[in-house]
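Undergrad:
In full-length UniProt numbering, the protein residues as written are 1 to 269.
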């Protein structure tokens with residue numbers, strides 16, 4: 001069984017973290033969301049406190065879908081709202097395509113890169129993050145006490161890494177290193193998102209204008225590929241925007257899980 005937390009009141013909203021992260025990624029926004037939603041956080045297989053990712057010859061996509069369905073059944077969730085970041089955003093969109101949810105919101109969802117060369121950059125980025133995390137481990141307790149060090153080490157993921165407290169930073173660092181086997185398996189099967197989502201399932205896609213992992217042009221590609229979705233820019237936010245823009249992310253998630261945003265947001269120049 002996947003590790004999870006469940007709290008708050010209102011319509012259920014399942015939040016899915018990104019690759020090599022953990023459910024605590026949502027902590028900066030979770031309490032605010034819980035004032036209006038029943039919030040469900042969980043660790044993906046091979047991440048955080050969940051069991052390792054075991055495929056047994058199946059595709060990663062099928063395994064993650066089955067795990068999500070099993071979680072919904074365990075928690076007695078019938079078509080909840082779902083939102084995710086990065087890989088979690090891709091999982092949210094796939095859940096919508098499979099008709100498992102009432103709405104889907106993706107924060108910089110994976111799957112909108114241009115081609116193989118573009119995907120190579122993404123793979124290299126995560127390889128560099130893994131190397132940096134492993135190298136930082138011996139000095140991690142000291143580094144964690146420095147807001148400047150946290151900002152630098154988290155700089156490719158968020159613009160305000162200094163807002164992540166020392167304990168959370170250490171937990172994230174340990175999780176990133178421990179998630180290496182799952183990351184390698186998931187990355188190995190990375191393919192563009194090309195599933196169709198029924199028109200009666202509202203979809204929202206938000207992108208940080210300073211995303212350095214899945215570059216903002218991918219947000220523009222998502223807009224062209226999914227013109228029926230609502231598209232939002234999170235000004236000044238990085239790839240993991242929950243600490244960068246608490247108010248903006250809370251607004252997007254609440255409105256996205258209220259059957260879609262209705263505001264028109266211009267493209268980034």
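Built from N, CA and C at the ideal position, the CB exists for glycine as well.
Give me the residue from 163, 115, 104, 126 with the minimum Cα distance to residue 228.
TA: Nearest option by C-alpha distance: 104.
Undergrad: Report buried or exposed for residue 88, applying the criterion of at least 16 other Cβ atoms within 10 angstroms of its Cβ.
TA: Label assigned to residue 88: buried.
Undergrad: Quick one: is residue 30 buried, meaning 16 or more other Cβ sit within 10 Å of its Cβ, or exposed?
TA: Residue 30 comes out buried.
Undergrad: Which full runs of the beta strand (DSSP E) of 3+ residues lie inside the region 53 to 113, going along the chain?
TA: For the region 53 to 113, whole beta strand (DSSP E) runs of length 3 or above, ordered along the chain, are 81 to 85, 103 to 107.
Undergrad: State the DSSP-derived secondary structure class of residue 214, mapped to helix, strand or coil.
TA: Residue 214: coil per DSSP, three-state reduction.
Undergrad: Under a three-way DSSP split, which group does residue 192 fall into?
TA: DSSP places residue 192 in coil when its eight states are reduced to three.
Undergrad: Starting from residue 232, follow its DSSP beta bridges and name the residues at the other end.
TA: Bridge partners of residue 232: 206.
Undergrad: In terms of DSSP beta bridges, what is residue 4 paired with?
TA: According to DSSP, residue 4 bridges with 42.
Undergrad: To which residues of the same chain is residue 8 closer than 6 Å at the C-beta, ignoring the five residues directly before and after it?
TA: The residues are 34, 37, 38, 39.
Undergrad: Starting from residue 16, follow its DSSP beta bridges and name the residues at the other end.
TA: Looking at the DSSP assignment, residue 16 forms a beta bridge with 42, 84.
Undergrad: Would you call residue 92 buried or exposed, if buried means 16 or more other Cβ atoms sit within 10 Å of its Cβ?
TA: That one is buried.
Undergrad: Taking all protein chains shown into account, do 16 or more other C-beta atoms lie within 10 angstroms of the C-beta of residue 195, making it buried, or fewer, making it exposed?
TA: Exposed, by the Cβ-count rule.
Undergrad: Going by the DSSP bridge assignment, what does residue 37 pair with across the sheet?
TA: Its beta-bridge partners are 11.
Undergrad: Looking at the secondary structure, which residues open and close the alpha helix (DSSP H) in which residue 122 lies?
TA: Looking at the DSSP string, the run of the alpha helix (DSSP H) that includes residue 122 is 116 to 136.
Undergrad: Enumerate in chain order the residues of its own chain whose CB-to-CB distance from residue 254 is below 8 Å, with the five nearest sequence positions on each side excluded.
TA: Result list for residue 254: 33, 36, 37, in chain order.
Undergrad: Which class does residue 154 belong to by DSSP, given the choice of helix, strand or coil?
TA: If DSSP states are grouped into helix, strand and coil, residue 154 belongs with coil.
Undergrad: Hey, is the region 120 to 130 in contact with the region 145 to 152, meaning 3+ C-beta pairs nearer than 8 Å?
TA: The region 120 to 130 vs the region 145 to 152: no contact.
Undergrad: I think residue 45 touches residue 178, with their Cβ atoms under 8 Å apart; what is that distance to the nearest whole Å?
TA: In fact, because the Cβ distance is near 12 Å, the residues do not count as touching under 8 Å.
Undergrad: Is residue 150 buried or exposed, if buried means 16 or more other CB atoms sit within 10 Å of its CB?
TA: Result: buried.
Undergrad: Below 8 Å on the Cβ atoms is my contact criterion, and I expect residue 43 with residue 58 to pass it. Report the Cβ-Cβ distance as a whole number of Å.
TA: So it is not a contact: roughly 20 Å between Cβ atoms.
Undergrad: Between the Cα of residue 17 and the Cα atoms of 251, 247, 242, 246, which residue gives the shortest distance?
TA: The candidate whose alpha carbon is nearest that of residue 17 is 242.
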